[in-house]
Amino acid sequence: MILPPTTIKELKERAQQIAGVTIGELANRHQANIPDDLKRQKGWQGQFIESCLGADAGNLSEPDFSKIGVELKTLPIDFSGRVVESTYISVVNISNHQGVTWDNCATKHKLEHILWVPIARNKNEALENSRIATPFLWQPSEMEANQLKQDWEEVMDLVVLGHLGQLNARMGEILQVRPKAANSRVLTDATDSEGNHSQTLPRGFYMRPQFTQGLIDRYLKR
DNA sequence: AGGTGATCATTA
DNA sequence: TAATGATCACCT
7 MILPPTTIKE
17 LKERAQQIAG
27 VTIGELANRH
37 QANIPDDLKR
47 QKGWQGQFIE
57 SCLGADAGNL
67 SEPDFSKIGV
77 ELKTLPIDFS
87 GRVVESTYIS
97 VVNISNHQGV
107 TWDNCATKHK
117 LEHILWVPIA
127 RNKNEALENS
137 RIATPFLWQP
147 SEMEANQLKQ
157 DWEEVMDLVV
167 LGHLGQLNAR
177 MGEILQVRPK
187 AANSRVLTDA
197 TDSEGNHSQT
207 LPRGFYMRPQ
217 FTQGLIDRYL
227 KR
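Taking our numbering, I'd label the letters of the first sequence as residues 7 to 228.
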């Protein structure tokens, strides 16, 4: 176990130490085994980087580095710097949203300060050849923060009104809503538009690749 | 069951 | 081929 960083500076220094390193080299340093692929261990890279940097929030709905309020996100890119996937942020609270506002929700807290760890890989190439690019700390600008809030509130307004059928992945400029469950048969409790109990597929908030591509372009390129 | 970490796989 | 919908592993 690696102790959690107690300052932003300490986290920065740790992040800098993995810049440019391949997953294979990092696994050697930590005497960790690398899976053959991610088909059955989709979160392996993210959890591996977490353990390397000392994330301590476990599966609490709080930022990974609890003492300094920083969330860690690995960001898959290809070797030309293209973002290849969306970024999961948090669950959409469908069944227990009473009293939850943008300002007190876990989604906002996670988005307030993120350490992005871009990891480049070629599809169909061994995971050990993935290479960590330069990690960077990011905080939303005022405009970005406003847009994030708007995206979140549009979704939660539908949830509060019980208009769950209107939730879809086309909503949202930065954040979108997509299924987040073990499979499509999983159900979570909900309330429909007439106030009756119902059930629906659990959803999560994801950052659109177009947005994270903008971050990569800003931070990783000149 | 519902969070965390996400990527896979099919559709449009 | 980008985007949507589906899925996998681990943890509490």
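Don't be surprised by glycine CBs; every beta carbon is placed ideally from N, CA and C.
With a cutoff of 8 angstroms on beta-carbon distance, I29 and I222 are scored as not near each other.
Contiguous alpha helix (DSSP H) elements confined to the stretch 13-83 occur at 14-24, 29-35 and 50-59, taking only those with 4 or more residues.
For P124, the uninterrupted beta strand (DSSP E) run begins and ends at I120 to A126, by DSSP.
Taking the C-beta atoms as reference points, V192 is found no nearer than 8 angstroms to V98. Take the alpha-carbon of E159 and the one of I24: they are about 37 angstroms apart. The Cβ-Cβ distance between I120 and I138 does not fall below 8 angstroms. Contact check for L167 against S199 passes: the beta carbons are separated by less than 8 angstroms. Restricted to the stretch 180-209, the beta strand (DSSP E) segments that are unbroken, complete and at least 3 residues in length are 181-185, 194-197 and 203-206, listed in chain order. If you check the CB distance, K114 and W108 come in under 8 angstroms.
Separation of K116 and G201 (C-alpha to C-alpha, rounded to the nearest whole angstrom) is 31 angstroms.
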